[in-house]
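The structure under discussion appears below in the form of structure tokens.
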Amino acid sequence: MGSSKRAKKQKHRPNPKPLGPNNPKSESKFKKKKTTKTKNSKTQSKATTVTGNKNNKNNQPSPAASPSQQLSYFLSQFESSNGFQLSSLELESIKDSCILDVPQELGQDVMELEEHIKAAFGAKWKEELCEGKNIEGEIEAGSPSVLVVAPSAIRSIELLRGMRSLTKECHAVKLFSKHMKIDEQVSLLKNRVNIASGTPSRIKKLIDIEALGLSRLSVLLLDIRTDVKGYSLLTLPQVSDEFWDLYKNYFHQQVVQCNLRICLYGPIPNGNEHKGKSVELAEGDREQLDS
Numbered sequence: 001m002g003s004s005k006r007a008k009k010q011k012h013r014p015n016p017k018p019l020g021p022n023n024p025k026s027e028s029k030f031k032k033k034k035t036t037k038t039k040n041s042k043t044q045s046k047a048t049t050v051t052g053n054k055n056n057k058n059n060q061p062s063p064a065a066s067p068s069q070q071l072s073y074f075l076s077q078f079e080s081s082n083g084f085q086l087s088s089l090e091l092e093s094i095k096d097s098c099i100l101d102v103p104q105e106l107g108q109d110v111m112e113l114e115e116h117i118k119a120a121f122g123a124k125w126k127e128e129l130c131e132g133k134n135i136e137g138e139i140e141a142g143s144p145s146v147l148v149v150a151p152s153a154i155r156s157i158e159l160l161r162g163m164r165s166l167t168k169e170c171h172a173v174k175l176f177s178k179h180m181k182i183d184e185q186v187s188l189l190k191n192r193v194n195i196a197s198g199t200p201s202r203i204k205k206l207i208d209i210e211a212l213g214l215s216r217l218s219v220l221l222l223d224i225r226t227d228v229k230g231y232s233l234l235t236l237p238q239v240s241d242e243f244w245d246l247y248k249n250y251f252h253q254q255v256v257q258c259n260l261r262i263c264l265y266g267p268i269p270n271g272n273e274h275k276g277k278s279v280e281l282a283e284g285d286r287e288q289l290d291s
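In terms of full-length UniProt numbering, the sequence shown opens at residue 1 and continues consecutively.
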């Protein structure tokens, strides 16, 4: 009897509403919420993409420049920094072949540098860059085949590390003032030197006192990588003045006569760089520079 009553009660009890996703109303709400979230995520993704493109447009370097474009950029910097125009005769004399064409993306990967230096000298690279004896009347002491000019001592060292396998076999010197006395460098330059890396002011001083020779110089590698403020060796206040003074006095005529090739190591700036404006350097910036 008792069981029969319980059966009747169960028979007339209304069916409970399904919970969770089994409930049609709940499912509808769930789908609606999911759809809204998807829409928001798409909008957010779209916004991110637009912002990303904007940043890329402003911050990414220009596509790799050809030797003629690199030469044009370098000469325009030369003219604007010195406040004069080159004569038509000089411009005609300076050929694209004066530029050592190195893929610009490698300006951020110094470990590839030595391969391009080897390629610049062809099959005789070992003879030019690794032999260590002076030959009287032929090979002058303290006269490198490759001279690297960088805006700071730290960057000079980084670029030498990019030629590590070469510098293990050949004599390389560091030409900057940070932690190095000029007398010590003069002593090093009394031997055969194949690769040298330094900052403009110390290089010029060593040339002026005839410790650093240029008779064998074949490649002038200029580190034009820009810093976080958009400055490079060619535009950084104080350092750029020292570089252009060095270039005018000792290298320009060699370039005009096609006796010297320039390697612009780093991407050509995309127009956001500071151009020859004299500004006061922050104290932190001065500490990093080696003049």
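Note that the Cβ used here is the ideal one computed from N, Cα and C, for glycine as well.
Quiz item: Is the Cβ-Cβ distance between residue 156 and residue 198 less than 9 Å?
Solution: yes
Quiz item: What do you reckon, is the C-beta of residue 128 under 8 Å from a heavy atom of the ligand SAM?
Solution: With respect to the ligand SAM, the structure shown offers nothing to examine, as it has no ligands at all.
Quiz item: Using CA coordinates, which residue listed in 128, 124, 116, 88 is at the minimum distance from residue 217?
Solution: 128
Self-check item: Which listed residue (165, 230, 243, 235) has its alpha carbon closest to that of residue 220
Solution: 243
Exercise. Could you pull the start and end residues of the alpha helix (DSSP H) that residue 256 belongs to?
Key: 252-256
Exercise. Can you tell me which of the three DSSP states residue 197 falls into?
Key: strand
Self-check item: Between the CA atoms of residue 193 and residue 240 - distance to the nearest angstrom
Solution: 26 Å
Quiz prompt | Opposing strand residues paired with residue 174 [DSSP bridges] | solution = 197
Quiz item: Is the CB-CB distance between residue 159 and residue 148 below 9 Å?
Solution: yes
Quiz item: Start and end of the alpha helix (DSSP H) containing residue 75?
Solution: 67-82
Practice problem: Give the DSSP-derived three-state secondary structure of residue 262 in the structure shown. | Solution: strand
Quiz item: For residue 144, which of 222, 237, 195 has the nearest alpha-carbon?
Solution: 195
Quiz item: Does the segment 63-83 come close enough to the segment 176-186 to have 3 or more Cβ pairs within less than 8 Å?
Solution: no
Quiz prompt | Three-state secondary structure (DSSP) of residue 182 | solution = helix
Quiz item: Hey, out of 124, 201, 73, whose CA is closest to residue 238's CA?
Solution: 201
Practice problem: For residue 176, collect the residues of the same chain with a Cβ closer than 6 Å to its Cβ; drop the 5 residues on either side in sequence, then sort them by chain order. | Solution: 153, 156, 198, 199, 202, 290
Quiz item: Roughly how many angstroms lie between the CA atoms of residue 225 and residue 115, to the nearest whole one?
Solution: 19 Å
Quiz prompt | Selection from 191, 72, 229, 246 that minimises the alpha carbon distance to residue 208 | solution = 246
Quiz item: Where residue 342 and residue 261 are concerned, what is the direct C-alpha to C-alpha distance, given to the nearest angstrom?
Solution: With the chain represented from 1 up to 291, any question about residue 342 goes unanswered, as that position is not in the structure.
Exercise. Please state whether DSSP places residue 61 in a helix, a strand or coil.
Key: Interpretation of residue 61 is limited by its pLDDT of 45, a score under 50 that renders its predicted location unreliable; no figure is taken from the coordinates.
Quiz prompt | Reference residue 235; option with closest CA among 140, 79, 184, 96 | solution = 79
Quiz item: Ends of the beta strand (DSSP E) at residue 221?
Solution: 219-223
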